[in-house]
Structures are given as C-alpha cells and as structure tokens.
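Each residue of the sequence shown is one higher than the last, beginning at 84 in our numbering. Don't be surprised by glycine CBs; every beta carbon is placed ideally from N, CA and C. Read the structure below first, then the notes.
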Amino acid sequence: MSELQSDIQFLPGVGPKRAALIKRELGINTLEDLIHFYPFRYIDRSSITPIVSVTPDLAYVQVQGRVVSRNLINIKHLSVIVEDGTGRMEMVFFKGVKWNFDRLVPGATFLFFGKPQSFNGRINIVHPEVDAPQSDPSAKGTLTGVYPSTEKLKAGGITGKLMCKLERAALALCLPEVQETLPEYILAKYGLPSLPWALQNIHFPADMSALAAATRRLKFEELFYLQLSLLKQKYVRSRAANGLVMPHVGPAFHACYNALPYALTGAQQRVIKEIRADLSGGSQMNRLLQGDVGSGKTMVAVLSCLIAIGNGYQACIMAPTEVLAQQHYANIQKYLAPTGVTCALLTGSTTKKERKPILEGLADGSIQLIVGTHALIEEPVKYRALGLAVIDEQHRFGVSQRAALWSKGPDGIPPHVLVMTATPIPRTLAMTFYGDLDLSVIDEMPPGRKPVQTMLIGQNRLPAMYRFMREEIAKGRQVFVVYPMIFINEKMEDISNVEQGYEEIVKAFPLEEGYKVAIVHGQQNNEQKLFNMKAFVEGRAHILVSTTVIEVGVDVPNASVMVIRSAQRFGLSQLHQLRGRVGRGAEKSYCILVKDPKTGKDAQERLELMCATEDGFEIAEKDMKMRGPGDLEGTQQSGMPIELHIASLLRDGAMLDEARSCAQKVLDADPGLDRPQNLVLLRELRKGKYDIRDYSNIS
Ligand code: ADP
Ligand code: MG
84 MSELQSDIQF
94 LPGVGPKRAA
104 LIKRELGINT
114 LEDLIHFYPF
124 RYIDRSSITP
134 IVSVTPDLAY
144 VQVQGRVVSR
154 NLINIKHLSV
164 IVEDGTGRME
174 MVFFKGVKWN
184 FDRLVPGATF
194 LFFGKPQSFN
204 GRINIVHPEV
214 DAPQSDPSAK
224 GTLTGVYPST
234 EKLKAGGITG
244 KLMCKLERAA
254 LALCLPEVQE
264 TLPEYILAKY
274 GLPSLPWALQ
284 NIHFPADMSA
294 LAAATRRLKF
304 EELFYLQLSL
314 LKQKYVRSRA
324 ANGLVMPHVG
334 PAFHACYNAL
344 PYALTGAQQR
354 VIKEIRADLS
364 GGSQMNRLLQ
374 GDVGSGKTMV
384 AVLSCLIAIG
394 NGYQACIMAP
404 TEVLAQQHYA
414 NIQKYLAPTG
424 VTCALLTGST
434 TKKERKPILE
444 GLADGSIQLI
454 VGTHALIEEP
464 VKYRALGLAV
474 IDEQHRFGVS
484 QRAALWSKGP
494 DGIPPHVLVM
504 TATPIPRTLA
514 MTFYGDLDLS
524 VIDEMPPGRK
534 PVQTMLIGQN
544 RLPAMYRFMR
554 EEIAKGRQVF
564 VVYPMIFINE
574 KMEDISNVEQ
584 GYEEIVKAFP
594 LEEGYKVAIV
604 HGQQNNEQKL
614 FNMKAFVEGR
624 AHILVSTTVI
634 EVGVDVPNAS
644 VMVIRSAQRF
654 GLSQLHQLRG
664 RVGRGAEKSY
674 CILVKDPKTG
684 KDAQERLELM
694 CATEDGFEIA
704 EKDMKMRGPG
714 DLEGTQQSGM
724 PIELHIASLL
734 RDGAMLDEAR
744 SCAQKVLDAD
754 PGLDRPQNLV
764 LLRELRKGKY
774 DIRDYSNIS
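Written as structure tokens, this is what we have:
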C-alpha cells in the first residue's frame, strides 16, 4: 500500500486514540490528508523580544530568560519568574505542573514562547512553549508553522509541537511518492516550484522567500483548478450550441413595455439587452442577475419572459417561498394586463382541484407564464415548451434543482435560465461560485427612492422607540419587528425570543387601543404563516413580529419602520436585506437596530457601518472581511460551498484573476484537455475535489 493512503494512527506518537481525535476534529485520516493540512501562521523563532518591550497587545512573543524563582501556588498552579537583563516577567502553568516544576530549575536559561497578557497589572504568559535556549539566533530554518487547533486537540495532547513532528515524519515517508499536479508548462510559465518542494516548504520553510514561493504555488493550484473546473462546464455548455433560439421580441413585450407607468432605468435597459442577445444567440443562457433590493429585477424578469413567449415558448418564474410567489403573481398580472398573456400560480398549497387545469394548461401550452415555488419543477409538471425559467432569490436553489429544471425543456433542450439575486456578492466570490454563469448587474436604483434612516439604540431606548412606532402607525404606516432565527439543531428553530417579543409588543400595543399585531416564525405551518403574512401585506395588521422568514423579497410599500432586535447577531448582508424591506413606498422610512447589552466590539462596528452606508456592495465587501475565520482557529471561513485549504477567495483576488485567465487559456487551446501535457489536469479534475457542492448557500 502506498504511504500516502496509510492511516495516521501508525505515525510515532499517534496511536488509535489520538488518531480518532484528529480525525474527528480535523478530518485528517491519511498521511496524504496530513501533508495537505497547512500551518495558518508562522512564528519567526529567530527573533527574541527583550522582556522590557513585551506588551499585552503583541500577538506572540519569544523571550529568552533565566529562571529566578518557581512558586508552586497549588497542585494545579505553577508560577515561574524569569529575567533577561532588561526585566522580569511571570510564566504561568495550570497543566504539566509537576513536569515544568522539575525542569525549570532556578539559574537555568530557556526560551519561552506564547501570547503575553496582562493580569492584575502585570504581564505574564500562560502555558508558554518552553525550549532549550537559542545559541545562534541567526540559525536557518527558524520559521515554525502554527497549525489550526481546537480546545479538544490541545486537551488530547496534540500540541503544536507534536503536529510539527507528525508533519515531518509524514513528509519523510510521502514526499518520494507525491505526484506533480500541474503540467510542466504551467509551472514554467508562472515560475512555480514543484509540488513536493512546495509541500516541504509550506511546513518547514527554509526562509521567508521559500515560504512565499511555496504559498504561491499551493494557492495558485487551488484557484486554478477551481476555475478550470467551472470554466470547463461553461465551455462544454456554450460549445454545445444547444440553446433554444428566440429571434423575435414579439408583440407581448411591446404591449407591456408601452404600458409601463415609468421609464426603465439605464441599468434595466442594459440588462434586458444582454438577455435578449443570449436568447437569440443559439446557446443556452445561464445568467445571474444581481441587483440590490428595490432595483427593479421583477420588471426585467417579466420582459424576459415575454420575449420567450413572443417566440412561441412558455416561461416560468420561481420564488423561494409561497408568500413571495403569491406576491409576484399579483404584481405580474398587472403588468400582463395589456398583453393578453395567460398566467397561473402553482405552489405547494394549490389544491388538487385547482391543480388539474393548471397542469393541463402547461402541458398543452395554453398557459404561457407560470409563477410559483419549487412545485414548478417537480415531477408531474410537464410543459409543452418551456423556453425560459427565472429563479428569484437564488440562494435557496441547489444544484440538484437546477438539474431538475433542465430536464423540463422541449425535446431535451434545456430552457434558458435567469437567476436573480439581491445578495451583493463581492466580485471574487461571484467569479467562483457563479464561475459558470454570466453575470449582469443592475447598479442603478429607480428614481425617487428615499434613503432609509438607520439608527442604533440600546435597550434603554425601547420606550422611546415604542412612542415613535405609535406615531408612525398613527400616520397609517406599518412596522416590522424582526428577531434573529436561532436554531436548536438543524431543523428546530428556537422561537422563545420571538414569542417573548410578541408578548412584549402586544402589551405595548394592546388590542383594546385598536392595535393589531401579527407573528410569523419557522415553526408555524404553511397555512398559519401565509395567513399572518397576508394580514400584514394587506394592511390589516399594524405590526409584524417575525424571525428572518421575511428576509427575502416581501414587498409592503406601506411599511415605514424596520426594527431589528438583537441586531448584533446578524451578518451585515442580512441586515442590509432586511433594511431593504422598507423605503419602498413614498414615505420616509427608518431602520432601528436594537443591540443587546453585551454587544462585542466587532458587532458594534458592524452596526455602525450599517448606520453609515446604504451601499450594498460596500456592505458585502466589509462583511466578508469582518467575518473572518470560523470556529476552528485558523481555518477558512465556514459556510462556503467549497473548502479551500490555503487560498482565500477574499484575500487572493488578484491571484484568482491570474488563475482564471490561465485556466481560460488552457481550455481555449485544448477544450477537451486531450493533449498529453494536459492529462494531469483531467486526472486531478476527476478527483472531484473542486466540484462546488451547492451554488445556493451564499446569503
Ligand atoms: P427587486 O429588485 O428588489 O425585486 P422590484 O422589482 O420589486 O425590486 O422593484 C421595486 C419597486 O420599484 C417596485 O415597486 C417596482 O414597481 C418599482 N420599479 C421597478 N423599476 C422601476 C423604474 N424603472 N422606475 C420606477 N420604479 C420602478
Ligand atoms: Mg424581488
């Protein structure tokens, strides 16, 4: 058996118990996994900080000092004072107390390494790593990798030092077997080192420049394969020329266009042109339409559908929730009035009796446009000739659903697809997650929209806020009050805070005084949800208390106030989406962010940014930067549809561009990757590491 595939438990110092822990915590099973598990940071062990310059804001320091005294405070607490000629400081141990007591004898000199902190006005290091003193500080190879770790790993004895030892052993066994993953001509063109060299130097860099070269090589490889995989799909599709051809604009388009109560914005016109070019071009359209909330995507969708209909095809518009589907249906019917196009609504709650004529109408083509939920692409639904599918608010739409949709086209030809999203995705992310889609952006708002005034308050201001809400309601407006969606486990939503919130609001806005309050949350069944939503949409309820089930797309132009409770728990993009629910009507609108008492510094910054800007792209970029690493110290952001080991989609934007253009050139020269020098590319792609699991998970 190859070394690469052998189990980590056989490495010296591991064994079955630790192996199980490493597997559970880090997902590392084989030596191959292990050598692809990289440090997230490096410590320059050659630099020693004089004790006098150690401050608690330094991330890590290394001091070299002589032990002055050791003080066993109790069986679980050892305090050691060290001195280096510039000053004295304390080292504290709560673990390995006896062992450290025995070795740290007064008079002896050691190297201590760790995070300084301030405790009772003095500076100390808790649990420093202790090494033999450095005799020659200019020694080579003093960059030490720090590996991602967790509390459980540390408790299980998997220290940073042990990780280094394991990596060294694994590399010694595996490097002779490691196969190059990039063709020679790419390595040469981009000046990249070989894979074995890069692996050796990412773990044990000879010096800074070796580390830089190894990092660049490994990042490039990841980004390159990611783009190659996506572009290949796109290439295959576009070369196949298997699109329905729609050469006409048609009378329905013109009828609708001429009856519009407003002029389209420049951005809307541009996007419609792009779509029109796709529809008439002969290959299947797969276009992502990105536009901030309220930028007028619906109109673009409707006009696109009318082009398909003008060419004798059917079109569908699919929304993520029933409420949205109903709302679209109501709006769209207005636009369709002058066109004579037949339109129907199909959702999960459409009754059997209503369903039958709809299914028949779709099958015989008498229904030209259908609006609905996922029900539209489910098994029994057959179209006579589905030419265009519009998917609104795509982030709940997965790959498998996309496949189901493709099979609904006429004669096995997939319909054109337009995916619409209000999530302002930073460009580097869009390039990756939608790398096989074309991108259109509506970057202009319809005229006359009023900015939403955003405020941040603490809970002490709630009474004042209630007064303000009463004033707005007295003017005939409505108010959203949103609570974060908290999950007990994957499915169960904890609704205690939204229920409590509801009771609070009902107390402050009693029925006896004529106030009506509705509540919507994820534990209600569809019917309850719809009923309560409708009460608000139709203006019968003054206040809607809910969790983020209302996040996407709901349009209540009369609502002028959006209150967000525990606002610190939301991501910036989510706050932006929620704020987009108000400011849709003619009235001045407000967004009130209510923070909880224990709001951290980062959260406070996020909330202040919300008050400072309404620009969705600026907010999205900042959000990506602020969110930082997930739970596992030093790992990539969690919640991404693909895991990258080393490259960051946020930070490595420039390299992503480079990798993409490299992938594009490779495919232009050899679309099937059939040339001998490209066989290695095909081999790596087939491993499936770079398949994006779900396009839908960005929010
Ligand atoms: P979203 O992009 O969030 O889906 P909508 O399509 O719901 O936005 O549009 C928001 C509002 O703006 C709707 O009430 C719509 O009628 C209006 N609207 C769309 N386009 C224009 C335009 N060009 N001029 C004025 N109002 C517009
Ligand atoms: Mg919309």
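### Query
Roughly how many angstroms separate the alpha carbons of Leu87 and Gly197, rounded to a whole number?
Along the sequence shown, one-based indexing puts residue 87 at 4. Along the sequence shown, one-based indexing puts residue 197 at 114. Answer to the nearest angstrom: the Cα atoms are 33 Å apart.
### Task
Could you tell me if the beta carbon of Val376 falls within a distance shorter than 6 Å of some heavy atom in the ligand ADP?
Within the sequence shown, the letter at position 293 stands for residue 376. Flag set: Cβ of Val376 near the ligand ADP.
### Task
Tell me where the alpha helix (DSSP H) around Ala360 begins and ends.
Residue mapping note: residue 360 aligns to position 277 of the sequence shown, counting from 1. Unbroken alpha helix (DSSP H) run through Ala360: 349 to 363.
### Message
Measuring only the C-alpha atoms, how far is Ser731 from Thr225?
### Response
In the sequence shown, counting from the first residue as 1, residue 731 sits at position 648. In the sequence shown, counting from the first residue as 1, residue 225 sits at position 142. Looking at the two C-alpha atoms, the distance is approximately 26 Å.
### Message
Is Lys380 a contact residue of the ligand MG, with contact defined as CB to any heavy atom under 6 Å?
### Response
Stepping through the sequence shown from its first residue, residue 380 is reached at position 297. The answer is yes for Lys380.
### Task
Use the C-beta contact count for Asp185: other C-beta atoms within 10 angstroms, 16 or more gives buried, fewer gives exposed.
Indexing the sequence shown from 1 puts residue 185 at position 102. The residue is exposed, with fewer than 16 neighbouring Cβ atoms inside 10 Å.
### Query
Should Arg251 go down as buried or exposed, given a rule of 16 or more other Cβ atoms within 10 Å for buried?
Taking the first residue of the sequence shown as 1, we reach residue 251 at position 168. Exposed, by the Cβ-count rule.
### Message
At the level of alpha carbons, what is the spacing between Ala547 and Ile588?
### Response
As a first step, residue 547 is located in the sequence shown; it is residue number 464 there, counting from the start. As a first step, residue 588 is located in the sequence shown; it is residue number 505 there, counting from the start. Taking the straight line joining both Cα atoms gives about 13 Å.
### Task
With Gln747 as the anchor, note down where its alpha helix (DSSP H) starts and where it stops.
Position 664 of the sequence shown holds residue 747. From DSSP, the alpha helix (DSSP H) with Gln747 extends over 736 to 752.
### Query
Going by alpha carbons, who is nearest to Arg149 out of Ala591, Pro139, Glu173?
Stepping through the sequence shown from its first residue, residue 149 is reached at position 66. The option with the nearest alpha carbon to Arg149 is Glu173.
#### Entry: Cα-Cα separation between Arg623 and Val524, rounded to whole angstroms
Looking up residue 623 in the sequence shown gives position 540. Looking up residue 524 in the sequence shown gives position 441. Each residue's Cα considered, the two are about 36 Å apart.
#### Entry: Reduced DSSP secondary structure (H/G/I, E/B, other) of Gly98
For this step, residue 98 is matched to residue 15 along the sequence shown. DSSP places Gly98 in helix when its eight states are reduced to three.
### Query
Is it true that the CB of Leu114 sits closer than 7 Å to the CB of Cys247?
Your numbering for residue 247 matches position 164 in the sequence shown. Your numbering for residue 114 matches position 31 in the sequence shown. Their beta carbons are not under 7 Å apart, which means Cys247 does not touch Leu114 by this criterion.
### Task
Using 6 Å as the cut-off, classify the Cβ of Pro231 as near or not near the heavy atoms of the ligand ADP, replying yes or no.
The sequence position of residue 231 within the sequence shown is 148, counting from 1. Every heavy atom of the ligand ADP is 6 Å or more from the Cβ of Pro231, so no.
### Message
For a test of the three-state rule: what should DSSP assign to His160, helix, strand or coil?
### Response
Position 77 of the sequence shown, counted from the start, is the residue given in the question as residue 160. DSSP places His160 in strand when its eight states are reduced to three.
### Message
Are there any heavy atoms of the ligand ADP lying less than 6 Å away from the beta-carbon of Met347, as far as the coordinates show?
### Response
Position 264 of the sequence shown holds residue 347. According to the sequence provided, residue 347 is Leu. The question's Met does not apply to it. Correct: Leu347 has its Cβ closer than 6 Å to the ligand ADP.
### Query
Can you check whether the CB of Pro199 is closer than 7 Å to the CB of Leu265?
Residue mapping note: residue 265 aligns to position 182 of the sequence shown, counting from 1. Residue mapping note: residue 199 aligns to position 116 of the sequence shown, counting from 1. Cβ distance not < 7 Å, so Leu265 and Pro199 don't count as in contact.
### Query
Can the beta-carbon of Ala391 be found closer than 7 Å to that of Gly470?
Taking the sequence shown and counting its residues from 1, the one referred to as residue 391 is at position 308. Taking the sequence shown and counting its residues from 1, the one referred to as residue 470 is at position 387. Yes, the pair counts as a contact, with Cβ atoms nearer than the cut-off.
### Query
With 16 other CB atoms within 10 Å as the buried threshold, where does Thr169 fall?
Position 86 of the sequence shown, counted from the first residue, corresponds to residue 169. Burial call: exposed.
### Task
Please name the residue in Gln145, Lys181, Val137, Leu676 whose C-alpha comes closest to that of Leu161.
Working through the sequence shown from its first residue, we reach residue 161 at position 78. It is Lys181 whose Cα lies nearest to the Cα of Leu161.
### Message
How far does the alpha helix (DSSP H) with Asp90 in it extend, from its first residue to its last?
### Response
Within the sequence shown, the letter at position 7 stands for residue 90. Premise fails: Asp90 is in no alpha helix (DSSP H) and is neither H nor E.
### Task
Report yes if the C-beta distance between Asp526 and Ala703 is below 7 Å; otherwise report no.
Walking along the sequence shown from the start, residue 526 turns up at place 443. Walking along the sequence shown from the start, residue 703 turns up at place 620. Going by C-beta atoms, Asp526 is not nearer than 7 Å to Ala703.
### Task
Label Met401 either buried or exposed according to how many other C-beta atoms from any shown protein chain fall within 10 Å of its C-beta, with 16 as the threshold for buried.
Residue mapping note: residue 401 aligns to position 318 of the sequence shown, counting from 1. Burial call: buried.
### Opposing strand residues paired with Ala398 [DSSP bridges]
Here residue 398 refers to the residue found at position 315 when the sequence shown is read from its first residue. Bridge partners of Ala398: Leu452, Leu471.
### Task
Tell me whether the beta-carbon of Phe195 lies closer than 7 Å to the beta-carbon of Val135.
Within the sequence shown, residue 195 is the residue found at index 112, counting from 1. Within the sequence shown, residue 135 is the residue found at index 52, counting from 1. No, Cβ-Cβ distance for Phe195 and Val135 is not below 7 Å.
### Bounding residues of the beta strand (DSSP E) (the contiguous stretch that carries Pro199)
Translated into the one-based positions of the sequence shown, residue 199 becomes position 116. Where Pro199 is concerned, the enclosing beta strand (DSSP E) starts and stops at 199 to 202.
### Query
For the ligand ADP, is there a heavy atom less than 6 Å away from the beta-carbon of Pro529?
Numbered from 1 along the sequence shown, position 446 holds the residue referred to as residue 529. Pro529: yes, Cβ under 6 Å from the ligand ADP.
### Query
How many Å lie between Leu270 and Pro276 at the Cα?
As a position in the sequence shown, residue 270 is number 187, starting the count at 1. As a position in the sequence shown, residue 276 is number 193, starting the count at 1. Rounded to the nearest angstrom, the two C-alpha atoms are 7 Å apart.
### Task
Could you check what DSSP says for Gly771 in three-state terms: helix, strand or coil?
As a first step, residue 771 is located in the sequence shown; it is residue number 688 there, counting from the start. Three-state result, Gly771: coil.
### Message
Which of the three DSSP states is assigned to Phe196 in this structure?
### Response
As a first step, residue 196 must be located in the sequence shown, where it is residue number 113. In this structure, Phe196 counts as strand in the three-state DSSP scheme.
### Under the three-state DSSP convention, the category Ile626 falls into
Position 543 of the sequence shown holds residue 626. Note: Ile626 maps to strand in three-state DSSP.
### Message
What residue range does the alpha helix (DSSP H) around His286 cover?
### Response
In the sequence shown, the residue the question calls residue 286 occupies position 203. Where His286 is concerned, the enclosing alpha helix (DSSP H) stretches over 278 to 286.
#### Entry: Any alpha helix (DSSP H) of 4 or more consecutive residues that is wholly inside the stretch 541 to 597
545 to 557, 579 to 591
### Query
Looking at the C-beta of Ala695, does it have a partner C-beta in chain B at a distance below 7 Å?
No chain B appears in this structure, which consists of one protein chain only.
### Backbone secondary structure at Gly374 - three-state DSSP
Counting from one through the sequence shown, the residue named residue 374 turns up at place 291. DSSP places Gly374 in strand when its eight states are reduced to three.
### Identity of the residue in Met538, Glu610, Ile208, Phe592 nearest Ala695 by Cα
In the sequence shown, residue 695 corresponds to position 612, counting from 1. The candidate whose alpha carbon is nearest that of Ala695 is Met538.
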